[in-house]
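Line by line, the protein sequences give chains A and B.
For the first sequence, full-length UniProt numbering begins at 1 and goes up steadily by one.
For the second sequence, full-length UniProt numbering begins at 1 and goes up steadily by one.
There are 2 protein chains.
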Amino acid sequence: MRTLLTLQSQLCPDLLSIMHKRYTVLRRIYYLQPVGRRSLTSSLQMTERILRSEVDFLREQGLVNIAQAGMTLTEQGLEVLQKLQPFIEEYLGYSQLSGELKERLNIQEVWIVPGDSEHDEWAKKELARAGAQLIKSWVREDQVVAVAGGSTMQAVAESMSPTPTFKRTTFVPARGGVGDAVEHEANYIASRMAKNSGGRYRMLHVPDQISEEAYQLLTQETQISDVLHMIQEASVLVYSIGDAKTMAGRRKYGREFMQLLEEKQAVGESFGYYFDRNGTIVHRTKTAGLRLRDLPKVGRKIAVAGGASKAEAIAAICSVFPQDTLVTDEAAARKILSQNHPL
Amino acid sequence: MRTLLTLQSQLCPDLLSIMHKRYTVLRRIYYLQPVGRRSLTSSLQMTERILRSEVDFLREQGLVNIAQAGMTLTEQGLEVLQKLQPFIEEYLGYSQLSGELKERLNIQEVWIVPGDSEHDEWAKKELARAGAQLIKSWVREDQVVAVAGGSTMQAVAESMSPTPTFKRTTFVPARGGVGDAVEHEANYIASRMAKNSGGRYRMLHVPDQISEEAYQLLTQETQISDVLHMIQEASVLVYSIGDAKTMAGRRKYGREFMQLLEEKQAVGESFGYYFDRNGTIVHRTKTAGLRLRDLPKVGRKIAVAGGASKAEAIAAICSVFPQDTLVTDEAAARKILSQNHPL
DNA sequence: CTCCAAGGGACTTATTATGTCCCTGTAATA
DNA sequence: TATTACAGGGACATAATAAGTCCCTTGGAG
Chain A
1 MRTLLTLQSQ LCPDLLSIMH KRYTVLRRIY YLQPVGRRSL TSSLQMTERI LRSEVDFLRE
61 QGLVNIAQAG MTLTEQGLEV LQKLQPFIEE YLGYSQLSGE LKERLNIQEV WIVPGDSEHD
121 EWAKKELARA GAQLIKSWVR EDQVVAVAGG STMQAVAESM SPTPTFKRTT FVPARGGVGD
181 AVEHEANYIA SRMAKNSGGR YRMLHVPDQI SEEAYQLLTQ ETQISDVLHM IQEASVLVYS
241 IGDAKTMAGR RKYGREFMQL LEEKQAVGES FGYYFDRNGT IVHRTKTAGL RLRDLPKVGR
301 KIAVAGGASK AEAIAAICSV FPQDTLVTDE AAARKILSQN HPL
Chain B
1 MRTLLTLQSQ LCPDLLSIMH KRYTVLRRIY YLQPVGRRSL TSSLQMTERI LRSEVDFLRE
61 QGLVNIAQAG MTLTEQGLEV LQKLQPFIEE YLGYSQLSGE LKERLNIQEV WIVPGDSEHD
121 EWAKKELARA GAQLIKSWVR EDQVVAVAGG STMQAVAESM SPTPTFKRTT FVPARGGVGD
181 AVEHEANYIA SRMAKNSGGR YRMLHVPDQI SEEAYQLLTQ ETQISDVLHM IQEASVLVYS
241 IGDAKTMAGR RKYGREFMQL LEEKQAVGES FGYYFDRNGT IVHRTKTAGL RLRDLPKVGR
301 KIAVAGGASK AEAIAAICSV FPQDTLVTDE AAARKILSQN HPL
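Encoded structure:
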């Protein structure tokens with residue numbers, strides 16, 4: 001069932017919303033029957049004419065009975081209402097979830113995809129697809145998109161598809177940094193995004209651990225300083241949120257670093273910044289790129305992260321960074337909401 | 001899954017047809033890729049503009065890739081195509097079936113509902129609902145609808161819902177006849193239809209087994225002859241098809257009659273006429289009402305019958321009576337098509 | 001070099017959806 | 001009994017969208 005809904009949401013999303021609208025009307029009639037058109041209108045916050053069209057349709061389908069005393073459900077209407085309920089809840093549950101999340105995390109928009117991207121490959125693809133679609137809908141011509149690294153971002157990159165607008169879009173890595181697994185590196189991901197979307201990209205090859213002098217020299221190189229400027233003036237920032245525990249599990253970081261993370265109770269990481277559950281920055285990767293103080297200048301910020309284990313990290317970062325949009329999955333959403341309110 | 005599709009077919013039937021249309025486009029692109037708009041247009045028998053709108057939408061959704069060489073499916077597009085296939089087949093299987101049935105039975109229109117109405121209550125309701133909807137769509141004001149008897153017709157009657165048009169519709173029994181179970185009698189069904197749809201009705205109380213003199217006298221009564229005239233000038237005839245074996249199972253008919261049916265190899269019955277597998281009338285109930293020679297005068301003829309056991313009877317009657325529309329179920333449809341071609 | 005088929009733009013027309021207003025009937029109530 | 005509030009339905013102008021039609025540029029194959 002979920003499959004069909006998911007497929008339909010891709011192939012005919014607006015029609016699902018129509019289904020939902022009609023379901024809502026049916027449901028309201030059921031609760032208020034017998035009810036007149038005007039009452040329904042105000043109750044459903046629709047204009048009278050639209051409500052009327054819907055009701056006419058429902059009558060045509062034999063789902064509502066329309067008499068002088070008002071409208072009532074037919075037996076069939078009731079049957080449809082009851083049988084459709086679980087599907088609608090599934091379809092709409094995410095809207096509810098996202099509404100609650102918006103409030104809880106104080107962000108403008110939340111997209112939720114079904115499942116758990118941590119354990120379900122399809123869910124991860126869904127997550128990535130949603131992220132990619134969001135980018136597509138927000139990017140205008142001649143804009144710069146800064147992208148961070150991580151496996152989720154990689155999935156997003158692979159989900160991008162070409163659009164004329166992207167031809168004049170430049171993808172830049174949010175931060176430099178060499179040494180991570182190449183396919184999770186921001187540089188690589190920026191290039192993949194550009195390739196899959198038909199856009200351009202710039203690289204930022206700044207090693208992680210270099211001396212201050214070397215760093216200063218590097219940042220004065222035109223190639224590098226150009227990219228740095230582009231990053232700071234990016235119109236869209238797309239990043240993911242890493243889980244501190246997963247980070248700690250990776251071998252190449254020294255024990256010392258791991259201890260530091262644990263000591264400071266880091267729960268997550270985003271484009272080089274490590275933070276604890278309160279959103280306090282506890283560590284910063286030493287490399288060039290987008291700095292925290294540049295964030296407010298970024299036009300749109302899109303966080304893409306899913307999986308129950310990242311719930312804490314997502315909640316933490318959203319409560320501190322000014323967020324525009326969070327793309328997450330059902331598992332993370334429910335986990336976040338089940339945690340105690342931070343206030 | 002079937003549930004969702006069924007519900008959607010009631011709540012938003014156009015949703016499904018649009019989904020199907022887009023699926024078809026996806027599928028065709030997949031087969032012909034890379035393909036141009038003009039080739040697709042002719043291949044899909046769509047106008048160019050419509051095809052273009054669909055393709056634009058699919059591109060927007062990231063399902064097709066659109067380049068100078070032509071259109072291709074994206075990875076997502078392929079995924080949707082594959083996952084959607086079983087659903088579409090289920091949804092569309094019936095269209096295919098109905099197409100084949102039209103040809104086989106040489107009738108204008110065939111409606112097929114899912115399942116087996118003989119064993120599945122929901123399927124029987126679906127069948128009845130389809131029949132009722134069909135009546136609704138065909139009846140105009142001040143027309144007469146002649147209805148036959150039987151349990152299927154009863155279900156149709158119960159599925160009728162009121163419409164303004166029906167206020168000026170008169171339902172009459174296709175044939176008289178008293179003695180059958182009252183709830184399966186044409187008289188009763190005509191009255192139920194009228195009641196459920198908000199229309200008027202007339203009764204035809206002519207006993208089955210009476211002497212010729214009594215019959216002649218009765219038919220000269222104004223009340224009865226009036227109704228008889230209405231029947232003969234009915235604009236719509238709705239009837240079902242009974243299975244001879246089931247008929248034979250009913251006790252109240254004499255052994256003699258049963259033997260007759262078996263002797264003449266009767267397979268089915270409709271509004272009082274019994275016929276064999278070739279459609280030859282082998283017996284006629286002795287009562288007043290619609291006669292065979294009046295059939296061509298009837299504007300529209302709707303046969304509603306389902307269940308595998310009625311397949312033979314359906315095929316037989318359709319091959320002889322000039323049919324307009326058959327409403328049947330999947331079980332009967334498949335059974336009919338699996339039988340050898342009568343020619 | 002030419003030609004064909006590709007996508008895309010632009011414009012008109014047809015169709016549908018929507019907003020708005022008013023009418024009539026009915027049932028409860030003063 | 002008169003009144004009032006609320007029921008559905010009709011009518012119509014207008015906004016929005018879909019669809020039909022024609023033409024343009026471009027890139028690759030012959």
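All C-beta atoms, glycine included, are put in the ideal place defined by N, C-alpha and C.
Is it buried or exposed for residue i, if we count other Cβ within 10 angstroms and need 16 for buried?
i	result
A/Leu295	exposed
A/Tyr91	buried
A/Met56	Looking at the sequence provided, one finds Asp at residue 56 of chain A rather than Met. Label assigned to A/Asp56: exposed.
A/Arg175	buried
B/Phe159	Note that residue 159 of chain B is Ser in the sequence shown, not Phe. Per the 10 Å Cβ criterion, buried.
A/Thr47	exposed
B/Arg22	buried
B/Tyr31	exposed
B/Ser53	exposed
B/Thr219	exposed
B/Leu292	exposed
B/Gln216	exposed
B/Gln339	exposed
Chain B partners of residue i, CB-CB under 8 Å?
i	result
A/Ile18	Cys12 and Leu15
A/Tyr23	Leu11
A/Phe171	Per Cβ cutoff of 8 Å: no residues; A/Phe171 is ~17 Å from chain B at best.
Can you find the residues in the same chain that come closer than 6 Å, C-beta to C-beta, to residue i, ignoring five residues on each side of it along the sequence?
i	result
A/Arg168	Glu141 and Asp142
A/Arg104	none
B/His283	Tyr274
A/Tyr201	Phe171, Ala190, Ser191 and Ala194
A/Thr325	Glu109 and Ile302
B/Ala132	Val156, Ser159 and Met160
B/Leu7	none
A/Phe166	Ser197, Gly198 and Gly199
B/Ala266	Ala244, Tyr274, Asp276 and Val282
For residue i, which residues in chain A fall below 7 Å Cβ to Cβ?
i	result
B/Val80	Leu7, Gln10 and Leu11
B/Lys83	Thr3 and Leu7
Less than 7 Å between C-beta atoms, sequence neighbours within five positions excluded: which residues of the same chain meet that for residue i?
i	result
B/Val298	Ala234 and Leu237
B/Ser117	Ala123, Lys124, Leu127, Gly306, Gly307 and Asp329
B/Leu260	His283
A/Ser225	Thr219
Could you pull the DSSP bridge partners for residue i from this structure?
i	result
residue 354 of chain A	The structure shown does not extend to residue 354 of chain A, since chain A is modelled only from 1 to 343, so the question has no answer here.
A/Phe321	Paired residues: none, contrary to the question.
B/His283	B/Tyr274
A/Ile66	A/Met71
A/Ser240	A/Val304
A/Ala311	The partner list for A/Ala311 (beta bridge, DSSP) is empty, contrary to what the question assumes.
A/Glu269	A/Gly242 and A/Tyr274
B/Val35	B/Met71
B/Gly289	B/Arg175
I want to verify the contact list: residues of chain A whose CB lies under 9 Å from the CB of residue i, in sequence order.
i	result
B/Leu134	Correct list: empty, because the minimum Cβ distance to chain A is about 12 Å.
B/Lys167	The contacting residues do not exist; B/Lys167 stays about 12 Å from chain A at best.
B/Phe275	What B/Phe275 touches in chain A: nothing, since even the nearest Cβ is about 33 Å away.
Looking only at its own chain, which residues have a Cβ that is under 8 Å from the Cβ of residue i, when we skip the five neighbours before and after it?
i	result
B/Leu11	none
A/Leu51	Val25, Arg37, Leu40, Thr41 and Leu44
B/Leu343	Note that B/Leu343 scores 46 on pLDDT, short of 50, meaning its location in the model is unreliable; the coordinates nonetheless yield the value given after this. Correct list: empty, nothing qualifies.
B/Thr280	Val320
A/Ser17	none
List the residues of chain B that residue i touches, going by C-beta distances under 9 Å, in chain order.
i	result
A/Gln76	Gln10, Lys125, Arg129, Ser159 and Ser161
A/Phe321	Per Cβ cutoff of 9 Å: no residues; A/Phe321 is ~28 Å from chain B at best.
What in chain A is Cβ-close to residue i, meaning under 8 Å?
i	result
B/Leu73	Simply none; closest approach about 11 Å.
B/Phe257	Simply none; closest approach about 38 Å.
Starting from the beta carbon of residue i, find every residue of chain B whose beta carbon is closer than 7 Å, and list them in chain order.
i	result
A/Tyr61	The sequence shown places Gln at residue 61 of chain A, not Tyr. Correct list: Gln10.
A/Phe271	Result: empty, since nearest Cβ-Cβ is about 25 Å, beyond 7 Å.
A/Asn65	Ser161 and Pro162
*Which ranges does the alpha helix (DSSP H) cover as unbroken runs of at least 4 residues, wholly within the stretch 149-212 of chain B, from first to last along the chain?*
Segments of the alpha helix (DSSP H) lying fully in the stretch 149-212 of chain B: 151-159 and 186-197.
Q. What alpha helix (DSSP H) runs, 4 residues minimum, are completely inside the stretch 87-147 of chain B?
A. The stretch 87-147 of chain B contains these whole alpha helix (DSSP H) runs: 121-138.
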